[in-house]
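Chemist: I'd like to ask some things about the structure below.
Protein chains: 2
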Amino acid sequence: MEKLLTPLPKEKCVQKLNAVGDALYVIGGKWKLRIIIAMSEGNYRFNELQRTIEGISAKVLSNELKDLELNGFVKRTVHDETPVVVTYEPTEYTHTLKNVLNSLAEWGTMHREKLRQEG
Amino acid sequence: MEKLLTPLPKEKCVQKLNAVGDALYVIGGKWKLRIIIAMSEGNYRFNELQRTIEGISAKVLSNELKDLELNGFVKRTVHDETPVVVTYEPTEYTHTLKNVLNSLAEWGTMHREKLRQEG
DNA sequence: GTTAGTAGTATACTTTAGGTAAGTAGTTAC
DNA sequence: GTAACTACTTACCTAAAGTATACTACTAAC
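Just so you know, the sequences run in chain order A and B.
Quick note on the UniProt record's numbering: the first sequence kicks off at 1 and runs consecutively.
Quick note on the UniProt record's numbering: the second sequence kicks off at 1 and runs consecutively.
What follows is the structure, given as C-alpha cells:
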C-alpha cells in the first residue's frame with residue numbers, strides 16, 4: 001500500500017489531533033457553539049437565548065452557560081433593574097473563535113445546500 | 001439594555017445557527033473529526049487509525065467509520081492481499097472540510113498554549 | 001505449537017449528555 | 001387575586017456513547 005498523499009510526520013499528526021481534542025473539550029457538544037453564536041449576534045438574556053436557540057431547554061442552557069463562563073467564554077452580569085435582568089456576553093476570548101465559527105457556518109451552509117439538491 | 005455590537009438581523013442569526021447545527025449533525029461528537037484528520041494524514045488502516053487516535057476503542061472506531069462512510073466522508077476498500085488489508089480513505093467531499101479542520105486545529109493549538117501558560 | 005499480527009464482532013456493563021416536566025421566587029399588570 | 005413575565009432549579013428518565021474483555025478467523029514468523 002502506497003500513501004495517497006504525502007502525510008505529515010506522525011508527530012505533527014498527533015499534535016493536530018491533540019489540538020482538535022483540546023478544542024472539542026471546551027467547545028464540543030450539541031449546544032456550546034450555538035450559544036456562542038446566538039450571544040455574538042446580540043442575544044444577551046436568558047430567555048432571549050432560549051427563544052433564539054431552537055430546541056434548547058432551560059436546564060441545558062443554564063448548565064452550558066455555567067460551563068462557558070467557567071471556561072472564559074461568557075461574562076455573566078446581574079443588573080440592578082426591576083424585574084431583575086441578567087446578561088450573558090461573549091468575552092474577548094470568545095472572539096478568537098471567529099474563524100472556527102465562520103468556517104463551520106460556511107461549510108454547514110454548503111452541506112445543507114448539497115443535501116437539499118440530493119433530496 | 002443597549003446592544004454591545006450591531007447584531008445581524010434575527011433571520012441571519014437563525015440561518016447561521018441552522019448551518020452550524022447541520023454541520024455538527026454529521027461531524028459532531030468526540031471522534032469524527034479526529035478520524036478524518038488521522039485519515040488525511042495517511043493513516044488508512046483500522047489498527048493504524050486506532051493506534052494513532054489515542055483513547056478510541058475498536059467498537060467506537062468501527063461504528064464511527066460506518067457512520068462516516070454512510071455520510072460520504074470515507075471510502076472503504078477491501079484489498080486482495082494476504083493477510084487481508086482494509087483501507088479507509090477520505091473522499092473528495094472530505095476535503096471540503098479543510099478550512100474547518102485547519103481553523104479548529106489552529107484555535108486548539110492557541111488554546112492549548114494559553115492553558116499551558118496559565119498552569 | 002505458540003506468539004503476534006491482520007480486521008474486526010459480540011457481549012455486558014457503566015457513564016454521561018441531553019430531554020421532560022414541574023417547581024421556585026420575585027415583579028408587574030389587570 | 002391571578003396571570004404573566006423574569007431567571008432559573010430540581011428531580012427524574014432515556015438513549016447514546018464509552019469501557020472492558022473476550023472472541024472469530026486467517027496468516028506469518030519463530
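Yeah, the Cβ is synthetic: ideal placement off N, Cα and C, and Gly gets one too.
Can you confirm whether Leu104 (chain A), when its beta carbon is compared against all beta carbons of chain B, has any partner nearer than 9 Å?
Modeler: Yes, Leu104 (chain A) lies at the interface with chain B (some Cβ there is under 9 Å from its Cβ).
Chemist: Within the same chain, show all residues whose beta-carbon is closer than 6 Å to that of Leu115 (chain A), passing over the 5 residues directly before and after it, in chain order.
Modeler: Taken in chain order, the list of residues that qualify is empty.
Chemist: Mind pulling the chain A residues with CB within less than 7 Å of Arg76 (chain B)?
Modeler: Neighbours of Arg76 (chain B) on chain A: none; closest Cβ ~14 Å, over 7 Å.
Chemist: In or out: Asp80 (chain A) buried (at least 16 other Cβ within 10 Å) or exposed?
Modeler: By the 10 Å Cβ count, Asp80 (chain A) comes out exposed.
Chemist: Which ranges would you report for the beta strand (DSSP E) in the UniProt domain "HTH hxlR-type" (13-116) of chain A if only whole runs of at least 3 residues count?
Modeler: List check, beta strand (DSSP E) in window: 74-79 and 85-90.
Chemist: Work out the CA separation of Asn18 (chain A) and Met110 (chain B) for me, nearest whole Å.
Modeler: Their backbone Cα atoms lie some 12 Å apart in a straight line.
Chemist: How would you list, in chain order, the residues of chain B whose beta-carbon sits under 9 Å from the beta-carbon of Trp58 (chain A)?
Modeler: The sequence shown places Ala at residue 58 (chain A), not Trp. Per Cβ cutoff of 9 Å: no residues; Ala58 (chain A) is ~18 Å from chain B at best.
Chemist: Can you tell me whether Val84 (chain A) is buried or exposed? The criterion is at least 16 other CB atoms within 10 Å of its CB, across all chains shown.
Modeler: With fewer than 16 other Cβ atoms within 10 Å, it is exposed.
Chemist: Pull up the distance between the alpha-carbon of Lys30 (chain B) and that of Ala105 (chain B), whole angstroms please.
Modeler: Approximately 14 Å, taken between the alpha carbons.
Chemist: Going by Cα to Cα distance, which pick from A:Val60, A:Gly119, A:Lys98 and A:Gln117 is closest to Lys16 (chain B)?
Modeler: Among A:Val60, A:Gly119, A:Lys98 and A:Gln117, the Cα nearest to that of Lys16 (chain B) belongs to A:Lys98.
Chemist: Could you work out which residue in A:Glu11, A:Val14, A:Leu24 and A:Cys13 is closest to Gly108 (chain B) when comparing CA atoms only?
Modeler: The candidate whose alpha carbon is nearest that of Gly108 (chain B) is A:Leu24.
Chemist: Within the same chain, show all residues whose beta-carbon is closer than 6 Å to that of Thr77 (chain B), passing over the 5 residues directly before and after it, in chain order.
Modeler: The residues are Thr87.
Chemist: Taking only beta-carbon atoms, is Val20 (chain B) less than 9 Å away from chain A?
Modeler: It does: the Cβ of Val20 (chain B) has a partner Cβ on chain A nearer than 9 Å.
Chemist: If we call anything under 9 Å between Cβ atoms a contact, is Leu68 (chain A) one with Ile36 (chain A)?
Modeler: Against a cut-off of 9 Å, the Cβ pair of Ile36 (chain A) and Leu68 (chain A) comes out as a contact.
Chemist: Using a 10 Å radius around the Cβ and a threshold of 16 neighbouring Cβ atoms, would you call Leu70 (chain B) buried or exposed?
Modeler: With fewer than 16 other Cβ atoms within 10 Å, it is exposed.
Chemist: Let me make sure I understand the geometry here. Which of B:Pro90, B:Lys66 and B:Thr94 has the alpha-carbon closest to that of Asn43 (chain B)?
Modeler: Cα-wise, what sits closest to Asn43 (chain B) is B:Pro90.
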